[in-house]
Each structure stands twice: as structure tokens, then as C-alpha cells.
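Numbering (the numbering used here), first residue to last: 83 to 565.
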């Protein structure tokens, strides 16, 4: 470091080759390791250097990252700038002078910046029936301006998970209990490494696996917020009941909305005993309790309603459970019916231990039910489609006619505008979705005759009419040119 008083006549005389702080062209420059100007002692602040003769200011640190710190310009024993006699335009402690001298926009320090990403597959809740393999995708990169050296990537596996293999090309070392450590001598700027890590999970696992990976380097990093990433995997006991709210009719057609209904579906692997389970209206806190002995088979749907007679009049069949019913085939629940809001609200299903199992948020509402994420499900609105009587229902997998994995979001539901195949759908009471979901396929041998009207219409129709013995079915298509 060279410290030059502002009245040093030998060096600051203003004539070449002497140094000068009189003009910007030949002023001393503070340069970084790349030869770039970190600070230029130009006429501004050159002309505002402290007028007290013999005083000096100096940068007394060893990192460009500190160039913007006023304290770095004032820690120089007896020559501290803050000890100089205050001059015109400067505060008592010369803070303004120091700030002016160091510049208003300090240069960006050159550092490494490690970035870590981690995802787990599958990303949906995972059933465990035997020892399974969980796969993680890991990526480590350097978004900084200098090479990161002596890089370590440490993955701490949750207790119970066991390392199986990885595709890094390395043999990870052990950094401690359940720790896997990968090493890189250097990761240059704009360079990344990706690999797959496989671990095994015992069938007894019933917890949620929270797995965090952390990166570190021997060089300086100023941004540590992206040095770690966490993947969360939820596991399901397949032999526990897995019930979803499959459909909801919040605004019925019957007088007084007696046909309001909720459909429950068993998406698990075993029949479910729903004795004592509860449907709750989030707005009115009304509870409808399912009766003892109610069983829901695997893959089947159960309709629960207020008034069994009103429900049957709209749907064409009796419900499975109702608050009031005259048909002995309908099981009777207890408590109060939900009285769902036509404009919006929520429905939550609770098991016998009063644990929330599934929820639906719909319409316009300020409710924030436990377990739901994001915006509410909206009825399908297009053209003359009526909102009254619409059944909100889950999207179906085209291959199985079963719901997709539950994400507790509006994207699960068939009214979603985001999915042009499985969404943008409407449903009303009486529509036999389950029976007619799959397209009917018929294989037969037939003779097809194509006739173009009007040139061939008479001859073709005359022939078919003459051949008919009892009845004839005719289907015609009209093609028009929009030009």
C-alpha cells in the first residue's frame, strides 16, 4: 500500500510523469486483480479532498469486497481520515468525504457461487409394500465469477435409508453418521455436475423422508442461500384406508338443495371401514357423521347426501348414505347436513381419529382449509353452461378411469382450464360417467358407400331405400366453405 498526502508536491505536481490528482486523465487508479479500475481519484472527489494540508486517506484492507465499506478507508493509525480537520461540505466525522472518496457504486467482488438442486422420484406419495428404491437427482454448479476449488457435496440421509448406488463416477466418502460426501478439485464458472443417487427404504418406513444436501468450497462465497437443497418424499402404508373426496354437488337442482351431495372414493388397496368418519363444512362448521358399519370397497364410489328422495329424483339412483331416507337400502348418517354455500366454501373429510384426510376448496371464498394449496376449484364457465347443478369432480386417468394422484390443488379437478385433455369438463346429476367413461369399441365387417350430394344423392338414397326391409338409419354430414 502507498499512502500519498494530498499536498505532496513531489508526486502530485500535475506534470507528467508525476502523479496528479488535478485531472481525471492522469489520476492514480486503484485497480483490481483483473486490471479494472476499482476507484479513480478523479477531480470528483479529487477537487473535494480535505483542504487541511498534510492529511491523507487510505484503503487499509485486503479484499475488493470491502471497497464499499467506509470503515475500510478510515483505519489507518494516525492518518485516519476521520481524524482530519472537518472541511466545507463534510460532516464532523468526515463520513461524506469518505463516502465520496470510495465512490457511490463499489465494484462487484469476484467470488464463487455454488448452486445446488435436488429432487426426488417419485414426487407423489409413495406406497411401500416391500423394500423399495428411492431415486434422487442432484446437480451442483458454479454461478460465480471465479473457479470454486476443493468442493464438497454432503448428503445426510434420513435414518433408515441406505445408500445403494450413484452415477457420479466417484465413491462417496463418509463424513459422519448417514453422511455421503462427494469431492471435486475444482468447478469452473458456468459449469455443473449432475448425477443420480439411489437409496433403499425398508417396508416398515412410515415417516416422511426429508433429505438435505449441502455444498461448500475453499474459496470465498458471498451468497450461501443456494448452497443447499432439500427433497421431501411422503410414504404411504398401502394397507391403511386411502379415501378421497371424488365429487361434490354444492348447488343442487332440488328445492332447498336437498340433493346436495359428496362422493367418496377408495383409492387404496384394501376395503375401508368408514364408521364414524366425518364430513365437515368449513364455513358453518357443520358435521355429518357416517354410520357404523359403512364399508367402501377398493376402487368404488360412495354417494353421501342430505335427502335421499331429492337425490334420487335428480341422479336416477338412490345414494349410499343420507341424513334422511325412506329406502331401507340407504344407510342413515347422524349430525347435521353441510348446507354447502352455492358461491364457494370448503368440504373436509375426517377419519375416526378426527384427522383431516382430504379437502376441497371451491368457488369464491376466503377460507384457507388445512391441507389445501393454491386457488379454489371453479365451476366450468363457458357459453350458456349453467353453474347451478354442476358437479365438481376429479380428473380421470384415461387408461384406468381412476383419479390421478392427489396434490390438494385445483389442478386435480376436471373443471381445471389448464388441462385441455382431462380438464375443461362439466358434469350434471344423472350423467353416468362411470358406465360410459371408456369409448365403446365395436369390431365388425361392413360395406361403406360414400355419396356426394347433390350429384349422387338421389341414386344412393334410392338404392338404400329399395334394399331396406324394415327400417333405415341415415347419418349425413354437411361441409361448408367459410370463404
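C-beta: ideal position from N, C-alpha, C; glycine also.
Remember, it's a predicted structure, so these values are computed and weren't measured experimentally.
Query raised in the report: Start and end of the alpha helix (DSSP H) containing residue 545?
Result: Stepping through the chain shown from its first residue, residue 545 is reached at position 463. From DSSP, the alpha helix (DSSP H) with residue 545 extends over 539 to 549.
Report task. In angstroms with no decimal places, state the Cα-to-Cα distance between residue 541 and residue 527. Result -> By 1-based counting over the chain shown, the position of residue 541 is 459. By 1-based counting over the chain shown, the position of residue 527 is 445. The straight-line gap from Cα to Cα measures roughly 24 angstroms.
Query raised in the report: Going by beta carbon distance, what residues of the same chain come within less than 8 angstroms of residue 485, once the five residues before and after it are set aside?
Result: Within the chain shown, numbered from 1, the residue matching residue 485 stands at position 403. Answer for residue 485: 326, 328, 347, 349, 476, 477, 478, 479 and 494, listed in chain order.
Requested in this report: Counting only runs of 3+ residues fully inside the stretch 264 to 336, write out the beta strand (DSSP E) ranges in chain order.
Outcome: 273 to 283, 290 to 298, 310 to 318 and 325 to 331
**Report entry** Residue interval of the alpha helix (DSSP H) (run including residue 439)
**Finding:** Within the chain shown, the letter at position 357 stands for residue 439. Taken as a continuous stretch (DSSP letters only), residue 439 belongs to no alpha helix (DSSP H), being part of the beta strand (DSSP E) at 438 to 445.
Query - Under the three-state DSSP convention, the category residue 370 falls into - result: Numbered from 1 along the chain shown, position 288 holds the residue referred to as residue 370. Strand.
Requested in this report: Report yes or no: do three or more beta-carbon pairs, one from the stretch 457 to 477 and one from the stretch 399 to 407, lie closer than 8 angstroms?
Outcome: no
Query raised in the report: Which of helix, strand or coil does DSSP assign to residue 392?
Result: Here residue 392 is taken as the residue at index 310 of the chain shown, counted from 1. Here residue 392 sits in helix by DSSP.
**Report entry** Beta-carbon proximity list for residue 341, same chain, < 8 angstroms, skipping 5 on both sides
**Finding:** Numbered from its first residue, the chain shown carries residue 341 at position 259. These residues qualify, in order along the chain: 331, 334, 335, 387, 388, 389, 392, 393, 395, 396, 397 and 511.
Query - Enclosing alpha helix (DSSP H) for residue 515 [first to last residue] - result: Counting from one through the chain shown, the residue named residue 515 turns up at place 433. Here the alpha helix (DSSP H) through residue 515 covers 515 to 518.
Report task. Return yes when the Cβ of residue 280 is within less than 7 angstroms of the Cβ of residue 215, no when it is not. Result -> The count along the chain shown starts at 1 and reaches residue 215 at position 133. The count along the chain shown starts at 1 and reaches residue 280 at position 198. Yes, the pair counts as a contact, with Cβ atoms nearer than the cut-off.
Requested in this report: State the DSSP-derived secondary structure class of residue 404, mapped to helix, strand or coil.
Outcome: As a position in the chain shown, residue 404 is number 322, starting the count at 1. Strand at residue 404.
Report task. Output the distance between the C-alpha atoms of residue 533 and residue 483, rounded to the nearest integer angstrom. Result -> The residue you call residue 533 lines up with position 451 of the chain shown. The residue you call residue 483 lines up with position 401 of the chain shown. Going by the C-alpha atoms only, they are around 39 angstroms apart.
Requested in this report: Return helix, strand or coil for residue 248, following the three-state DSSP convention.
Outcome: Residue mapping note: residue 248 aligns to position 166 of the chain shown, counting from 1. Residue 248: strand per DSSP, three-state reduction.
**Report entry** Own chain, CB closer than 6 angstroms to residue 507, minus 5 neighbours either side, in chain order
**Finding:** To locate residue 507, count along the chain shown from 1; it is residue 425. Answer for residue 507: 496, listed in chain order.
Requested in this report: Report the partner residues of residue 214 according to the DSSP bridge assignment.
Outcome: Along the chain shown, read from residue 1 onward, the residue named residue 214 stands at position 132. DSSP, once it has assigned bridges, lists 283 as partnering residue 214.
Report task. Give the range of the beta strand (DSSP E) segment to which residue 231 is assigned. Result -> Position 149 of the chain shown, counting from 1, holds the residue named residue 231. Element bounds for residue 231: 230 to 238.
Requested in this report: Using the DSSP secondary-structure output, state which residues sit across from residue 384 in a beta bridge.
Outcome: Within the chain shown, residue 384 is the residue found at index 302, counting from 1. Looking at the DSSP assignment, residue 384 forms a beta bridge with 346.
Query - residue 562 to residue 554 span [Cα, whole Å] - result: Locating residue 562 in the chain shown gives position 480, counting from the first residue. Locating residue 554 in the chain shown gives position 472, counting from the first residue. Answer to the nearest angstrom: the Cα atoms are 26 angstroms apart.
Requested in this report: Return the CA-CA distance between residue 296 and residue 489, expressed in angstroms with no decimal places.
Outcome: Taking the chain shown and counting its residues from 1, the one referred to as residue 296 is at position 214. Taking the chain shown and counting its residues from 1, the one referred to as residue 489 is at position 407. So the two alpha carbons sit approximately 28 angstroms from each other.
Report task. Indicate whether residue 455 and residue 430 have their beta-carbon atoms separated by less than 7 angstroms. Result -> Residue numbering aside, residue 455 sits at position 373 when the chain shown is read from its first letter. Residue numbering aside, residue 430 sits at position 348 when the chain shown is read from its first letter. Going by C-beta atoms, residue 455 is not nearer than 7 angstroms to residue 430.
Report task. State the Cα-Cα distance for the pair residue 439 and residue 409, rounded to the nearest angstrom. Result -> Looking up residue 439 in the chain shown gives position 357. Looking up residue 409 in the chain shown gives position 327. Approximately 29 angstroms, taken between the alpha carbons.
Report task. Just confirm the distance between the C-beta atoms of residue 345 and residue 383, as a whole number of angstroms; I'd bet it's less than 8 angstroms. Result -> In the chain shown, residue 345 corresponds to position 263, counting from 1. In the chain shown, residue 383 corresponds to position 301, counting from 1. With 8 angstroms as the limit, residue 345 and residue 383 qualify as a contact, their Cβ atoms being about 5 angstroms apart.
Query raised in the report: Cβ of residue 254 within 6 angstroms of any heavy atom in the ligand COA?
Result: Looking for the ligand COA in the displayed structure turns up nothing, as the structure carries no ligands at all.
Query raised in the report: Are residue 261 and residue 238 closer than 7 angstroms when you measure CB to CB?
Result: The residue labelled residue 261 in the question sits at position 179 within the chain shown. The residue labelled residue 238 in the question sits at position 156 within the chain shown. For residue 261 and residue 238, yes; Cβs fall inside 7 angstroms.
Requested in this report: Pick helix, strand or coil for residue 355, following the three-state DSSP scheme.
Outcome: Within the chain shown, residue 355 is the residue found at index 273, counting from 1. Here residue 355 sits in strand by DSSP.
Query - Pairwise C-alpha distance: residue 233 and residue 267 - result: Position 185 of the chain shown, counting from 1, holds the residue named residue 267. Position 151 of the chain shown, counting from 1, holds the residue named residue 233. Going by the C-alpha atoms only, they are around 6 angstroms apart.
Query raised in the report: In terms of DSSP beta bridges, what is residue 222 paired with?
Result: Sequence index remark: in the chain shown, residue 222 carries index 140 (1-based). For residue 222, which the question treats as bridged, DSSP gives the partners 198 and 275.
Query raised in the report: Which residues mark the beginning and the end of the beta strand (DSSP E) in which residue 430 is found?
Result: Here residue 430 refers to the residue found at position 348 when the chain shown is read from its first residue. Start and end: 426 to 432.
Query - Whole-angstrom C-beta distance between residue 432 and residue 359, which should lie under 8 angstroms - result: As a working note, residue 359 is residue 277 in the chain shown. As a working note, residue 432 is residue 350 in the chain shown. The pair is a contact, with the Cβ atoms about 6 angstroms apart (cut-off 8 angstroms).
Report task. Along the beta strand (DSSP E) that carries residue 363, what are the first and last residues, could you check? Result -> The count along the chain shown starts at 1 and reaches residue 363 at position 281. Its beta strand (DSSP E) spans residues 360 to 363.
Query - Sequence-distant residues of its chain with Cβ nearer than 6 angstroms to residue 308 (five each side left out) - result: As a working mapping, residue 308 is identified with position 226 in the chain shown. Within the same chain, residue 308 has close Cβ partners 197.
Requested in this report: Have a look at 339, 195 and 516 and flag the residue whose alpha-carbon is nearest the alpha-carbon of residue 300.
Outcome: Along the chain shown, read from residue 1 onward, the residue named residue 300 stands at position 218. Ranking 339, 195 and 516 by Cα distance to residue 300 puts 195 first.
Requested in this report: Excluding the 5 residues preceding and the 5 following residue 129 in the sequence, name in chain order all residues of the same chain whose CB lies nearer than 8 angstroms to its CB.
Outcome: Here residue 129 refers to the residue found at position 47 when the chain shown is read from its first residue. Any reading at residue 129 needs caution, since the residue's pLDDT is 40, under 50, leaving its predicted position unreliable; the model's value is listed next. Once the five neighbours on either side are set aside, residue 129 has no close Cβ partner at all.
Requested in this report: Return the bridge partner residues of residue 485 from the DSSP annotation.
Outcome: By one-based count along the chain shown, residue 485 stands at place 403. According to DSSP, residue 485 bridges with 478.
Query raised in the report: If you compare alpha carbons, which of 230, 254, 236 and 253 is closest to residue 312?
Result: Counted from its first residue, the chain shown places residue 312 at position 230. Of 230, 254, 236 and 253, the residue nearest in Cα terms is 236.
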